[in-house]
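Numbering-wise (the working numbering), the sequence shown opens with residue 891 and increments by one.
Glycine included, C-beta positions come from ideal geometry on N, C-alpha and C.
Fair warning: this is a prediction, and the values are worked out from it, not measured in the lab.
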Amino acid sequence: MNQPGPLPPVDESRLVVAPVLPDILPARKPRKGVIGFIRTNPAMAFGVFLLALMVCLAVFAPFLGTVDPTSLSPARRTRLPSEAYWFGTDMLGRDIYSRVLYGTRVSLMVGFSVAILASIAGLVIGLVSGMVRWADSLIMRMIDGMMSIPPILLAIALMALTRGSMQNVIIAITIAEIPRVARLVRGVVLTLREQPYVDGAIAAGTRMPRLIFRHILPNTLAPMIVQATYICASAMIVEAILSFIGAGIPPTVPTWGNIMADGRTLWQVRPHIIVFPAIFLSVTVLAVNLVGDGLRDALDPRMAKRL
């Protein structure tokens, strides 16, 4: 056997020394607390702040320098904003500042109530329509018929059959918003019904109620919650429209729509009567929409990966 010869000498000047890296890189600490939430979701944080501010104004309205929003004072009518009357007075001498703050209660109550009721009813209808094949066609044809009518027109038609009150306004707007939630939930359920884990659960003998509550319902909550925020904003706008045209809450109740309806005849000479409630309505709707956009980004796994 041939013995291997000696190895040639190595030129150490040409060797490259690689830097020594740690075996495990330190993980980046996730941002926690309020500051981390604001930096990660600035738009949603701003929306939560505005919405919390409106809720505080509604709850603590009696302690924020307000007076009776229904008290009349003809001698002080159509006053401009001043130190005595921050938002001025209307044609009957009522303090607009007090009426706007108390009107915040009505709008938030209508918006939150409609969002909750429409979401629950639409969730039930969407689950039944998506899981029960024989009932799908019948339910969807009824839903399509209701969706062919604009929500505001449907709400006006329903209010024409009843007397004006907050309860009837909530019921009318809820009925007008249910079809949108039901169709959204049905679409999600139809997608989930074809997933392999659902087929596996059915093959394992899982009954329909357990299948719905264990596998289908949890996956429909995220899009439904996002939809509920937009329904809340839409309900506040529809309530203001109904009150503005005199088909909603009675004029004696201070609401943003009623305040703007009282000031429309004096718009050219006293625009502040309409401007202040319109600003509050716009800010509240903006806050709810910002919260909805933030929830959509937070609950969507595709958006979470981008972040």
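- Query: On the premise that isoleucine 1139 lies in contact with isoleucine 1042, defined as a C-beta separation below 8 angstroms, what is that separation, rounded to the nearest angstrom?
  - Reply: No, isoleucine 1042 and isoleucine 1139 are not in contact; Cβ-Cβ is about 15 angstroms, not under 8 angstroms.
- Proximal residues to phenylalanine 1002 (C-beta, below 8 angstroms), its chain only, five neighbours per side dropped: The residues are Cys1122.
- Item | Other residues of its chain near asparagine 1148: CB distance less than 6 angstroms, five sequence neighbours each side excluded | Ser1133, Pro1141
- Item | Terminal residues of the alpha helix (DSSP H) in which valine 949 lies | From DSSP, the alpha helix (DSSP H) with valine 949 extends over 932–949.
- Query: Looking at the structure shown, is threonine 994 part of a helix, part of a strand, or coil, going by DSSP?
  - Reply: helix
- Item | Cβ shell of threonine 956 (< 8 angstroms), same chain only, five flanking positions each side left out | Asp985, Tyr987, Ser988, Leu991, Tyr992
- Are there 16 or more other CB atoms within 10 angstroms of the CB of threonine 1052, so buried, or fewer, so exposed? exposed
- Task: Classify arginine 1023 as buried or exposed, calling it buried when 16 or more other Cβ atoms lie within 10 Å of its own Cβ.
- Result: Exposed is the call here.
- Per DSSP, what kind of secondary structure is threonine 1052 in: helix, strand or coil? DSSP places threonine 1052 in coil when its eight states are reduced to three.
- Taking only beta-carbon positions, decide if isoleucine 1029 is within less than 7 angstroms of chain D. The question asks about chain D, but that chain is absent: this structure has only one protein chain.
- threonine 960: first and last residue of the uninterrupted alpha helix (DSSP H) it sits in: In this chain, threonine 960 is not harboured by any alpha helix (DSSP H), its DSSP state being neither H nor E.
- Query: Within 10 angstroms of its Cβ, does methionine 1114 collect 16 or more other Cβ (buried), or is it exposed?
  - Reply: Buried, by the Cβ-count rule.
- Do valine 1075 and leucine 1171 have their CB atoms nearer than 7 angstroms? no
- Cβ pair alanine 1072, glycine 1016 closer than 7 angstroms: yes
- Item | glycine 1184 versus threonine 960: straight-line alpha-carbon distance, rounded | 38 angstroms
- Query: Terminal residues of the continuous alpha helix (DSSP H) containing isoleucine 1121?
  - Reply: 1107–1134
- Message: Residues in the same chain with beta-carbon distance under 6 angstroms from leucine 947, minus the five sequence neighbours each way, listed in chain order, please.
- Response: Leu991, Thr994
- Item | Three-state secondary structure assigned by DSSP to threonine 1096 | coil
- Message: Do methionine 944 and leucine 1119 count as a contact pair if the criterion is CB distance below 7 angstroms?
- Response: Sequence check: residue 1119 is threonine here, not leucine. Contact: no.
- Query: So which of Pro1167, Met999, Leu954, Thr1155 has the shortest CA-CA distance to methionine 1056?
  - Reply: Met999
- Query: In chain order, what residues of the same chain have a beta carbon less than 7 angstroms from the beta carbon of leucine 1180, not counting five sequence neighbours either side?
  - Reply: Ala933, Met934, Phe936, Gly937
- Message: Please report the distance separating the alpha-carbon of leucine 982 from that of isoleucine 1163.
- Response: 12 angstroms
- Backbone CA spacing between isoleucine 1136 and isoleucine 1061 [nearest angstrom]: First, the amino acid is wrong: residue 1136 is glycine here, not isoleucine. Distance between the alpha carbons of glycine 1136 and isoleucine 1061 is about 17 angstroms.
- Item | Between the CA atoms of glutamate 1084 and tryptophan 976 - distance to the nearest angstrom | Using only the alpha carbons, I get a separation of about 59 angstroms.
- Query: Using DSSP with H/G/I as helix, E/B as strand and the rest coil, what is threonine 1064?
  - Reply: It is helical.
- Task: Return the residue from the list Ser997, Arg1154, Glu973, Arg967 that minimises the CA-CA distance to leucine 941.
- Result: Ser997
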